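Quick notes on the structure that follows.
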Amino acid sequence: MNDSPGWATPGSPSDGERPGTPADRPGTDGGAQQPTPPAQPDGPKWSAEQPPPGQWSNPGTTPPATPPPPARAQSQRGWGQQPGTPYVGQYGYPGGPGQWGQLPPAAKPGVIPLRPLGLGEILDGSVATMRTHWRSVVPITLVVATIVQVITVLVQKFMLDDVVFAPSDDMTAEEALDSLGNTLGSTLAVSAIAQFLQVLGTLVVTAMLTMIFSRAVLGRHSSVSEAWQDARPQLLRLIGLTLLMALGALLLGAVLVAPGILADSVGLGVLGVLAWLPLVIWLGIKFTLASPALMLERSTVIKAFARSSKLVQGAWWRIFGITLLTSVIAFIVAMIVVGPFQVIGMLAFGGGFDALEDGSAQNAWGPLIFSAIGLIIAQTIIMPIQSGVTVLLYVDQRIRREGLDLELARAAGIENYGTTGG
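The letter at position 35 of the sequence shown is residue 67 when you use my numbering, and the numbering goes up by one with no holes.
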């Protein structure tokens, strides 16, 4: 990695692992662990560590204190171990003296420590970035969310203004069916436009916030103009990446669900949907790190997909759990924020429960505006957290697989990181 916020792949091999044994990694002295002493035969057990020559003492006397050997730099942090081996403490066994089950301290130039991250550290890093760099984060999300919601409210108002949500009693059955069809068609069209606008807004926010988070990891601040300048060259590729993922999900759904529709079989259609959903979720997690890989490694769309696939390999369930938990938290926050605004808009300016029953509250200015205000506030809070979790998951996987902590430490200006105990 270079010192610029756009991270380049640090010459790592294609399989995502560093070449050589742990002895090849910085901060080692030829081996990852101390040699294991040979097993002793039955009888008196001798200590594996003996005092050096010249320090034997007479029986009954206290031998002079011997300073402990210096901790090995690699063992202190555990970087460079082969995947699947336990975390090694400062004296070569899990946790080290007095540290059982705990990770030793690591350098922390920015919002995260430079070592493999836990769930709490990933969430805390996202919130800490939002709190520390709010002057850059909040304006980006607030402006984008406001533009998206203003356009959505206008589309919703004028496209649904003439729609009849509740058929009258004097309608015939045929007229009621036609009205219901028009209502469903208009509602789906508005929802599609709103989702398209939301995706575009999320792309811009993700692109710019990725750059802010990449600098926050190094303890650096970013202005809005700097974030835009860094993100702009990759924005079109990010749009292409997102469109490819959406198109792939639609094509997969068409292949699995279309046979049931063509055969006019409800059971076959349901079976296709049940097969489609797990595949979409699996592919979504498999390629969830493609966006930060595209932005931070300045790669192409195809290479970003390949990088995400290799980084997620072996950690799918962990990334799925963290992503799911983040989505649940985001949903709860959105409901807490948006709910009161919707109730106020409906009761104070939307005609109350009668308007809700006849459907007129769906296109009244009061409920639409108040709901939009609630969504703007919620998205200003939610989008940075979700983007931050994705970026930090990418950083965490590269630390675990490629020793990115060494690259980050050098970029942050930490001297002798990986070669000394500091």
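Every residue, glycine too, gets a C-beta built ideally from N, C-alpha and C.
Source: prediction; values computed, not measured.
Mind checking residue i: buried by the 16 CB within 10 Å criterion, or exposed?
i	result
Arg432	buried
His165	buried
Gly420	buried
Ile446	buried
Pro101	Note that Pro101 scores 45 on pLDDT, short of 50, meaning its location in the model is unreliable; the coordinates nonetheless yield the value given after this. Exposed, since its Cβ has fewer than 16 Cβ neighbours within 10 Å.
Phe373	buried
Asp296	exposed
Ser331	buried
Val369	buried
Leu438	buried
Met162	buried
Ala259	buried
Ala224	exposed
Leu436	buried
Val333	buried
Arg26	What is shown of the chain runs 33 to 454, which leaves residue 26 out entirely.
Compare the C-alpha of residue i against each of the options and name the closest.
i	options	result
Gly251	Asn448, Leu440, Tyr449 and Gly377	Leu440
Gly157	Ala338, Asp428, Gln230 and Val180	Asp428
Ile409	Ala396, Gly371, Gly299 and Arg430	Gly371
Ser341	Lys318, Gln261 and Gly406	Lys318
Val289	Val305, Leu276 and Lys335	Val305
Val176	Phe352, Leu151 and Leu241	Leu241
Gly280	Phe402, Leu315, Ile271 and Phe190	Leu315
Met243	Gly435, Phe337, Asp262 and Thr161	Asp262
Phe381	Ser403, Lys335, Tyr426 and Ile172	Ser403
Leu275	Val302, Val231, Arg147 and Thr355	Val231
Leu216	Gly233, Ala336 and Met191	Met191
Ser255	Val298, Trp348, Leu356 and Pro171	Pro171
Gln345	Val333, Thr320, Met367 and Ile334	Thr320
Leu379	Phe363, Ala362, Leu220 and Leu400	Leu400
His253	Lys335, Gly142, Gly377 and Leu436	Gly142
Leu155	Phe245, Phe228 and Thr219	Phe245
Arg430	Ala347, Leu357 and Ala444	Ala347
Ala458	Val249, Gln411 and Phe228	This structure gives no information on residue 458, because the portion of the chain shown stretches from 33 to 454.
Gly233	Ala307, Thr355, Leu303 and Thr173	Thr173
Ala286	Lys335, Arg264 and Leu309	Leu309
Glu434	Gly377, Ala338, Thr422 and Leu343	Leu343
Thr422	Leu357, Ala307 and Arg264	Leu357
Ile351	Leu303, Ala443, Leu220 and Ile313	Ile313
Ile183	Leu294, Ile293, Ile405 and Leu436	Ile405
Met367	Leu220, Gln411, Ala307 and Arg339	Gln411
Ile271	Val375, Val298 and Thr238	Thr238
Arg167	Ala307, Trp349, Glu153 and Ser257	Ser257
Check whether the Cβ atoms of residue i and residue j lie closer than 8 Å to each other.
i	j	result
Val222	Val187	yes
Ala226	Leu273	no
Leu326	Arg247	no
Lys140	Trp397	no
Gln181	Leu407	yes
Pro291	Leu300	yes
Pro416	Val169	yes
Arg147	Ala160	no
Ile354	Val249	no
I think residue i touches residue j, with their Cβ atoms under 8 Å apart; what is that distance to the nearest whole Å?
i	j	result
Leu311	Leu328	Wrong, their Cβ atoms sit about 28 Å apart, outside the cutoff.
Pro324	Tyr426	4 Å
Val360	Ile414	No, Val360 and Ile414 are not in contact; Cβ-Cβ is about 12 Å, not under 8 Å.
Leu151	Leu424	Wrong, their Cβ atoms sit about 11 Å apart, outside the cutoff.
Ala362	Gln418	6 Å
Would you check whether the ligand NAD has a heavy atom nearer than 7 Å to the C-beta of residue i?
i	result
Leu270	The ligand NAD is not part of this structure, which contains no ligands at all.
With a cut-off of 8 Å, does the C-beta of residue i fall near any C-beta of chain C?
i	result
Ala322	Structure shown: chain C not included; a single protein chain is present.
Ranges of the alpha helix (DSSP H) found wholly within the segment 393-438, counting only runs of at least 4: Fully enclosed alpha helix (DSSP H) runs of 4 or longer: 397-434.
Length-filtered (3 minimum) beta strand (DSSP E) runs lying within the segment 276-326: Runs found: none.
Inside the segment 331-362 only - alpha helix (DSSP H) runs reaching at least 4 residues: Secondary structure in the segment 331-362: the alpha helix (DSSP H) runs of 4 residues or longer, each lying completely within the stretch, are 333-344 in chain order.
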